Every structure is written in structure tokens, then in C-alpha cells.
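A.B. asks:
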């Protein structure tokens, strides 16, 4: 187990290292920053001096080292558009993204798990068919389009909910539901198939023969064992929510990290794009790491084989 | 076994091979066929140009609504461009991105998986670590970064798709190769004096094709949604090229006045992806039921 965790931890560090190199290399590939920064009347000598001052005359590995040490100290550079440190902007917007993600996770757990479980328990029932149709639809609907459809129905036609921005608690409903939607579809399908496998097993039959109440059979005996593949899905869920939040924040003008990075793309604000990509990648990689460790902890097969 | 059932079934019961006889689901098949035809013959089918609009015909509503015009069955957008024509040309983009990207990623990923599985040893270790790392990188963020550095383009979209999907091919093919390598025909080929290259490409690759095809069909829908999402965000196919994602984005600010601009291309994506997914499931059941979990 310890060996597994250490190995996995190393891998996460390497992944983060690769991301930082990709970010660094791509930004360097984009052109000489001096050309953008220097005034047109600058002489060759001025440009050379400026380059030396910024350290751009040093070899790439040295420059990368500076980049990475600064980033580790929280210095991601200045936003070109806002003229403020990138980290400040990230910290400002971070809460909104978490809020949205939190609501989506809540929706996913409250809807997907029970519906998935009961559609397996009552296989072939109306609930099962409805759930499966929903799951098939949910995986084919482009999330950004679903968002616009909800805006059209609940905002424009029914005038029930606000469609953009953040303010009252009502503002979060549409983006939250849209973000939760497609994660619900995936998790529901997975819970259903995991439950179907477990429900056919001998120990569930035994629990029933013993005369245990049905609810106890389903949740204590069956679901606990079906939960394992569902945990793996948590990693995918996080990916879905992260990718989704970038899209959904753009649709609903939700002022989180996703909107920040897309606005930065539009205004060519490199430092912000760089910083948000590094920041979100770190979150993404650590979440994957946590899920893998949790999974190993829950699954003795991995715990002992590695 | 009781006597009664022995009489009723004198021969060992054979499980009915229901799945093998299943027909392809006809409606999705028809939709996908129609879509391919639309994409191929878009220049002949489209009533108008997909990129040039007439400013006199801005935001004309689709047929059946008040104020529709006969030249524009599905209405027009903010620049007076015909929605139907753009949808038809959009099918081209969606299909060409997904086919090209999946062929590339399938070939590259499978080749890497083949090397890892066949050669084993340190090659396997290094390549599989690469797979793990690649899986732990956030694809959409890399797409965003690429689009800032290089202008958004068709090539960027392809790079992102290849980057996101190659690990699944590598993993699948590696697993299958490990199994095939143990089989007698490989040992016999070796005895007959075949080189590693010949064994890999003449003897192992043909056995991998069905699984690779199944995975590829299951990916088509995913790639179409991904392309649309990237284009919607402005980091995929650049406007004015009529990608369905670009079209949905075009209508974003108009949702109150002209819902059709973004809702119609969304329906096109939805119907296409749903049909492709149903067909993909069918191909999987048909060719390779053991992939059900993929």
C-alpha cells in the first residue's frame, strides 16, 4: 500500500512537471516577448539590455527554473488586462467555481445514486426505462447547448429564473443544474450496472433468505459492494465538472475561473491563461491522486498487489 | 437434471445467439447515412452560401413562424446567413474532424500499445507511464493554451483530440497484444523464421482490428461534442467556418430574439451524437461484447 501511494505520488509530481513544461514551452514558442514589450524606436542595444534585464538571454533550462520557482512561490506574473497579480485574480474567482461545482456534486449524488440503485432493483420498470433514456440523452446533449435551452425556457419564456451572473441564490440554479446534468447521466448508468452485478450474487440472495428488510439488503449488502466502481467514477466526475465548469461559466456569465480563462483567451492575456491552466491542472492532478489512493484503500486487490 | 427436462431437451441446451442476429438499429443508421450524404454533397444541397449572408435577410425566422422567407427554410443568423446551408456544411466539419482525428489517434495509440505489449520490458514500462501521465493532464485546458499561442484552427482541434484519446487505444491494444502474443500462431510464426516486424504487422495487427474499430465507433460521438464545445468556447474551429459549435455560440446573445440560431445546430449535434452512440453500441455488441465496460 505504501509503495503504491509513493509511486502514485511520484507520478502526480511528474505530471505536474510535464504540465509546467508544456505551459512554459508553449508560451516561449508564441514569440519573443521583447518584440511585444519593446517600443518600436528601441535600438538594438536597448533591446539587448532589456533582454538581459529580464533574463531572456539565459539558456532555456535556466529560464524554466526561474519560472517554476516563482510559480511555486505564488508569483504567476501580472495580468495584462487588469494590471494585477494573476494569483489575486485566481483567488478572487476560485470561490465561485467551487460553489458551482459543489452544487453540481450535490445534485449528482442526490439524483444519480438513488435513481441508479432503484433502476437496477426494479429492472424493467417504468423508472428504469425513464432513467436509461435520460442517461442516453444526457450523454449526447452538448452541455453548452443544454444551458442555452434552459435559459430559453426558464429565463426567456417563463421568466422564472435569472440567466446570467451571480448574486441571489436563484442565480446558481440554472448553471448548477446544467453542470450536474451530464455527470448525473454517467454516474446513473454506472451505478445501475454495478448494482445489477451485485444483486445477482449469492450473498444478496442469502441476505434475502435470512429475511432482512429489503432496504437493508439493498443499501447495506448490495450497494456497499457496488460502490467500488462508482468511486472510480469520481475521478471522471471531477474531470467532467472541471471541463464543464469552463463551458458552463461561459454560458451563464458565472464569474469563476472558467470564465476568467476564457475572457483571458479573448483578450490575449497570456499570464492569466498560464496561471489558470497551471492552477486548474494542479487541482485536477491532485484530485486524480486522491481518488486513486481512496480506491486502493477500498479495494484490497490493488492494496496488496502493488 | 430431472428426467422430464432431459426428455424435453434431448441435446445440451445451446444459449440462443440472439445478439448475433440483431439488425442494426435502422433509424440511427438512416440518420447517420443521411448525414454523411449531406456532408459529401453539401455544395449541391445547400440553397445558399454558408459564409456569405445578405444583410437584408438578418434573423429571418424558420418556416412556420411569422415573417419567414421561402429561401431560408430554417431561418438566418445575425449576418443573414442561411441556417440550413450552414448546418449542411457544418456536418462536413463535424464528420471530417472526427474521422481524421480518430484515424490519427487510433493509428498512433494502437502502434504505441502494440510496441508496449509486444516488446514488453522497459519499452512497456516507459510507454505505459506516458499513458498514465497523459491521462492525468487536463485536455480542455491544453486546448485553451494551444489556442492562445497559435490561432484557433482545425489542426489545433485534431491535436487536442489525439492527445485526449490516444491513451485509450494504447491501453486496449497493449492488453490484447499481451494475450495474442501467448498464442500458438505467434510461436509458429517465430519458428518459421518471421521477424518481430512481420509477426507484429502480419500476424498480430489483423487480430486487433475488430477491437480498435469498436473503440473508434464509440468515440465518434464524443469527438463531435468535443469539437463543438471547443468551437463554442472560441478555441476550436474559427468563425466564419460553419462548425455546429460556432453556430451555437453565434446565437448565444440572441436567445431572446432569435432562438433558432443556436437551438437548431444544437439539435443537429444531439440527434447525430445519439444516433452514433446507438450505432456504436450495436457495433460493439456485434464485434466485441467483452468491451461492454469501455
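Residue numbers (our numbering), protein chains in the order written: chain A, 31 to 336; chain B, 233 to 526.
Cβ atoms here follow ideal geometry from the backbone N, Cα and C, with glycine treated the same way.
If you're wondering where the values come from, they're calculated on a predicted model, not measured in any experiment.
(1) So, helix, strand or coil for residue 103 (chain A), using DSSP?
(2) Beta-carbon separation of residue 206 (chain A) and residue 292 (chain A) under 8 angstroms?
(3) Measuring straight from C-alpha to C-alpha, what distance separates residue 263 (chain B) and residue 103 (chain A)?
(4) Based on DSSP bridge pairs, tell me the residues matched to residue 115 (chain A).
(5) Quick one: Cα of residue 178 (chain A) to Cα of residue 417 (chain B), how far?
(6) Cα separation between residue 323 (chain B) and residue 340 (chain B)?
(7) Considering only the beta carbon of each residue, do residue 215 (chain A) and residue 164 (chain A) sit closer than 8 angstroms?
(8) Counting only Cβ pairs nearer than 7 angstroms, list the residues of chain A close to residue 370 (chain B).
(9) Looking only at its chain, what residues have a beta carbon closer than 8 angstroms to the beta carbon of residue 440 (chain B), apart from the 5 residues adjacent to it on each side?
(10) Would you mind sorting residue 325 (chain B) into buried or exposed? The rule is 16 or more other CB atoms within 10 Å of its CB.
(11) Output yes if chain A places a C-beta closer than 8 angstroms to the C-beta of residue 250 (chain B); else output no.
(12) Spatial neighbours of residue 238 (chain B) within its chain, please: C-beta separation below 7 angstroms, excluding the five flanking residues on both sides.
(13) Can you grab the Cα-Cα spacing for the pair residue 114 (chain A) / residue 107 (chain A), in whole Å?
(14) With 8 angstroms as the threshold, decide whether the Cβ of residue 37 (chain A) is near any Cβ in chain B.
(15) Quick check on residue 302 (chain A): buried or exposed, where buried means 16 or more other Cβ atoms within 10 Å of its Cβ?
(16) Along chain B, which residues have their Cβ under 9 angstroms away from the Cβ of residue 307 (chain A)?
(17) Cα separation between residue 148 (chain A) and residue 158 (chain A)?
(18) Go ahead and label residue 240 (chain B) buried or exposed: buried means 16 or more other beta carbons lie within 10 angstroms of its beta carbon, across all protein chains shown.
(19) Output yes if chain D places a C-beta closer than 8 angstroms to the C-beta of residue 90 (chain A); else output no.
(20) So, using beta-carbon positions, are residue 280 (chain B) and residue 307 (chain B) closer together than 8 angstroms?
(21) Just verifying my parser: in three-state terms, what is the DSSP assignment at residue 309 (chain B)?
(22) List the endpoints of the continuous alpha helix (DSSP H) containing residue 451 (chain B).
(23) Please list the terminal residues of the continuous alpha helix (DSSP H) segment that includes residue 156 (chain A).
(24) Residue 142 (chain A) and residue 258 (chain A) - do their beta-carbons sit closer together than 8 angstroms?
(25) Out of curiosity, what's the CA-to-CA distance linking residue 281 (chain A) and residue 428 (chain B)?
(26) Under 8 angstroms, CB to CB, which of the residues in the stretch 446-465 of chain B have a partner in chain A?
(27) Suppose the cutoff is 7 angstroms on Cβ atoms and the five residues either side in sequence are ignored; what does the same chain contact list for residue 336 (chain B) look like?
(28) Thinking just about the alpha-carbon of each residue, which of B:489, B:471, B:445, B:311 is nearest to the one in residue 185 (chain A)?
(29) Can you look up residue 314 (chain B) in the DSSP assignment and give me helix, strand or coil?
(30) Taking the straight line between their C-alpha atoms, what separation do you get for residue 479 (chain B) and residue 192 (chain A)?
(31) Rounded to whole angstroms, how far is the Cβ of residue 182 (chain A) from the Cβ of residue 354 (chain B), which I believe are closer than 8 angstroms?
(32) Just the chain A side, please: which residues come within less than 8 angstroms of residue 309 (chain B) by C-beta, in chain order?
(33) Residue 109 (chain A) and residue 299 (chain A): beta carbons closer than 8 angstroms?
(34) Please name the residues in the stretch 167-184 of chain A whose beta-carbon is closer than 9 angstroms to at least one beta-carbon of chain B, in chain order.
(35) Please identify the residue among B:318, B:446, B:501, B:361 whose C-alpha is closest to the C-alpha of residue 338 (chain B).
(36) First and last residue of the alpha helix (DSSP H) that includes residue 407 (chain B)?
C.D. replies: Taking the definition as stated:
(1) coil
(2) no
(3) In a straight line, the C-alpha of residue 263 (chain B) is about 55 angstroms away from that of residue 103 (chain A).
(4) A:108
(5) 56 angstroms
(6) 25 angstroms
(7) In contact: residue 215 (chain A) and residue 164 (chain A) (Cβ atoms closer than 8 angstroms).
(8) 272, 310, 311, 314
(9) 342, 346, 405, 408, 409, 412
(10) By the neighbour-count rule (16 or more Cβ atoms within 10 Å), residue 325 (chain B) is buried.
(11) Bear in mind that the predicted position of residue 250 (chain B) carries a pLDDT of just 49, short of 50, making it unreliable; the figure below should be weighed with that in mind. For residue 250 (chain B), the answer is no, since every Cβ of chain A falls outside 8 angstroms of its Cβ.
(12) Note that residue 238 (chain B) scores 41 on pLDDT, short of 50, meaning its location in the model is unreliable; the coordinates nonetheless yield the value given after this. Counting only residues of its own chain and dropping the five nearest sequence neighbours on each side, residue 238 (chain B) has no CB closer than 7 angstroms to any other CB.
(13) 9 angstroms
(14) no
(15) So residue 302 (chain A) counts as buried.
(16) Going along chain B in sequence order, the residues near residue 307 (chain A) (Cβ under 9 angstroms) are 370, 373, 374, 376, 377.
(17) 8 angstroms
(18) Note that residue 240 (chain B) scores a pLDDT of 44, beneath 50, so its modelled location is shaky and nothing firm can be said.
(19) Chain labels in this structure do not include chain D; the protein chains are A and B.
(20) Their beta carbons are not under 8 angstroms apart, which means residue 280 (chain B) does not touch residue 307 (chain B) by this criterion.
(21) coil
(22) 437-465
(23) 156-170
(24) no
(25) 53 angstroms
(26) 453, 457, 460, 461, 464, 465
(27) 390, 394
(28) B:489
(29) strand
(30) 24 angstroms
(31) Actually they are not in contact, since the Cβ atoms of residue 182 (chain A) and residue 354 (chain B) sit about 56 angstroms apart, beyond 8 angstroms.
(32) Within chain A, no residue comes near residue 309 (chain B); the closest Cβ sits about 14 angstroms away, beyond 8 angstroms.
(33) For residue 109 (chain A) and residue 299 (chain A), yes; Cβs fall inside 8 angstroms.
(34) 167, 169, 170, 171, 172, 173, 174, 175, 176, 178, 179, 181, 182
(35) In this structure, B:446 is the residue among B:318, B:446, B:501, B:361 with its C-alpha nearest to the C-alpha of residue 338 (chain B).
(36) 386-413
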